[in-house]
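Student:
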Amino acid sequence: MTPRYDKIHNRFKFNGLHFDFEDLKEVAYSLIKEGESYEKVTGNFLIDWLNNKDYLHVKTSGSTGQPKLLKLKKQAMVNSAIATGDFFGLEPGNTAIDCLPSHYIAGKMMLVRAMILGLEIDCVEPSAHPIFDYEKCYDFCAMIPLQLKHTVNYTQNIKTIIIGGSKVTKPLLERIQNCPSKFYETYGMTETVTHVAVRQLESKAAKGDNLFRALPNVSFDQDDRNCLIINASKLVKEALVTNDIVDLKSETSFVLKGRYDNVINSGGVKLFPEQIEEKLQPVIDERFIVAGEEDAALGEKLVLIVEDPRDSVESIAKRIKLVKGLTKFEVPKHIYTSEKFVETVNGKIQRKKTVKAAIG
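Every letter in the sequence shown is one number past the one before it in UniProt numbering, and letter 109, counting from 1, is 109.
(1) For a test of your reading of the model: does the CB of Thr327 fall under 6 Å from any non-hydrogen atom of the ligand GTP? Yes or no.
(2) Tell whether a beta-carbon distance below 7 Å holds between Glu314 and Glu286.
(3) Go ahead and pull the three-state DSSP assignment for Ala291.
(4) Tell me whether the stretch 107-114 and the stretch 168-183 touch, counting them as touching only if at least three CB pairs, one residue from each stretch, are closer than 8 Å.
(5) Given that a residue counts as buried once 16 or more other Cβ atoms are within 10 Å of its Cβ, and exposed if not, what is Ser127?
(6) Alpha carbon to alpha carbon, how far is Ile229 from Glu274? Give it in angstroms, no decimals.
(7) From Cys99, Gln66, Gly165 and Lys74, pick the residue whose C-alpha is nearest to that of Val198; which is it?
(8) Going by beta carbon distance, what residues of the same chain come within less than 6 Å of Lys234, once the five residues before and after it are set aside?
(9) When burial is assigned at 16 or more other CB atoms within 10 Å of the CB, is Phe14 buried or exposed?
(10) Decide yes or no for the touch test of the stretch 29-38 against the stretch 79-96: beta carbon pairs closer than 8 Å, at least 3 of them.
(11) Assuming the contact rule is C-beta atoms closer than 8 Å, Leu302 and Val283 should be a hit. Round their C-beta distance to whole Å, please.
(12) Below 8 Å on the Cβ atoms is my guess for Lys71 versus His57; work out the distance and round it to an integer in Å.
(13) Just tell me which of Asp295, Met115, Gly16 and Ser37 has its CA closest to the CA of Ile8.
(14) Name the residue from Lys237, Ala232, His129 and Leu24 whose alpha carbon lies nearest to the alpha carbon of Thr42.
(15) Pop quiz: Tyr38 and Glu125 are said to be a contact at Cβ under 8 Å. What is the actual Cβ separation, rounded to whole angstroms?
(16) Within a Cβ cutoff of 7 Å, which residues of the same chain sit near residue 384, ignoring the five residues on either side of it in sequence?
(17) Between Ala317 and Ile335, which are expected to be in contact by the criterion C-beta below 8 Å, what is the C-beta distance as a whole number of angstroms?
Here is the structure:
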């Protein structure tokens, strides 16, 4: 029998203490009244979750457009929690860390997973460098790459870590390889109630995989642009057409290539910024993006934008020439610098606005 959103698992614990449905309402009010700023947000979410409505509103991050307010069914969030629990083998009484803000879907879902699956969850301040009990053994945690970058040396007692929100950089992937935990890069969005697919990363505990693999009750298709179509009736009623170009390997697996609206057509050659950025990561320490700039001969020329670089543009250009596997079309024709990239409130780069600010 599928759990319902108006029930709390009898093994659920919040910061070490057991609470049932009514008790949790009192906790929520207490967090709103007396908690730190991040705890007030958690309290407000719990109040929304525990009311008699079968839906709640969730704001998107705005990384690929203007932030939107979406209406999500609570039962869809329950179904997502169950799929995650099934995929990762989470059981009642397992321990988890919540270090994500409850403003957005990823942080909300950590709490929903705990309430529905019966996890014992410890909530800590959602900072860039989250502080938690490094000696305590945990079964599950979700982080953004920036958080993992700062805490990767302290994750040896966390069994499984899922990573989302932005691309996992090559330097971070290399550091993960020496860690004993299992790490997974996630694919999903607010509309699909967080991740619908995950990709296992190389670590001491497991071999890496270049394929994103579907969670239970999820399948994939492609449109005529080669963009991913998500079929997940337990999460969203209709098939969801994305702007993510993929190499579809099966109904339940794919290789992610890049976003359709980011593709650069330079002299008839299609360039995927995300793939080029991955190749350039080893030689550029700062944050950067590549983009297309209007060009009379090529239609679009590939350019590089680096945030507040320590080295000169000339030095960066020299290092790029040494990158192996970079085709002549993937070498930036010009390098721009930007004092500060345009970001969403939760730290994601707003690509279009950043390009406009840097190039004009």
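Ideal Cβ positions, reconstructed from N, Cα and C, are used throughout, including at glycine.
Tutor: So, to answer that:
(1) The ligand content of the structure shown is nil, which means the ligand GTP is not present either.
(2) For the purposes of this step, residue 314 is taken as residue 314 along the sequence shown, with counting starting at 1. For the purposes of this step, residue 286 is taken as residue 286 along the sequence shown, with counting starting at 1. No, they are not a contact pair.
(3) Residue 291 sits at position 291 when you count from the first residue of the sequence shown. Three-state result, Ala291: strand.
(4) no
(5) For the purposes of this step, residue 127 is taken as residue 127 along the sequence shown, with counting starting at 1. Ser127 should be labelled exposed.
(6) As a working mapping, residue 274 is identified with position 274 in the sequence shown. As a working mapping, residue 229 is identified with position 229 in the sequence shown. Distance between the alpha carbons of Glu274 and Ile229 is about 20 Å.
(7) As a first step, residue 198 is located in the sequence shown; it is residue number 198 there, counting from the start. The residue with the shortest Cα to Cα distance from Val198 is Gly165.
(8) Stepping through the sequence shown from its first residue, residue 234 is reached at position 234. The answer, listed in chain order, is Asn79 and Asn217.
(9) Along the sequence shown, read from residue 1 onward, the residue named residue 14 stands at position 14. It counts as buried.
(10) no
(11) In the sequence shown, residue 302 corresponds to position 302, counting from 1. In the sequence shown, residue 283 corresponds to position 283, counting from 1. That belief does not hold up - the Cβ atoms of Leu302 and Val283 are roughly 16 Å apart, past 8 Å.
(12) Start at 1 with the first residue of the sequence shown, and residue 71 comes out as number 71. Start at 1 with the first residue of the sequence shown, and residue 57 comes out as number 57. About 6 Å separates the two Cβ atoms, so the contact holds.
(13) Residue 8 sits at position 8 when you count from the first residue of the sequence shown. Taking only the C-alpha atoms, the option nearest Ile8 is Met115.
(14) Numbered from its first residue, the sequence shown carries residue 42 at position 42. With distances taken between Cα atoms, Thr42 lies closest to Leu24.
(15) Here residue 38 refers to the residue found at position 38 of the sequence shown. Here residue 125 refers to the residue found at position 125 of the sequence shown. About 6 Å; that satisfies the 8 Å criterion.
(16) In the structure as shown, the chain starts at 1 and stops at 360, and residue 384 therefore has no counterpart that could be examined.
(17) Position 317 of the sequence shown, counted from the start, is the residue given in the question as residue 317. Position 335 of the sequence shown, counted from the start, is the residue given in the question as residue 335. Yes, Ala317 and Ile335 are in contact; Cβ-Cβ is about 6 Å, under 8 Å.
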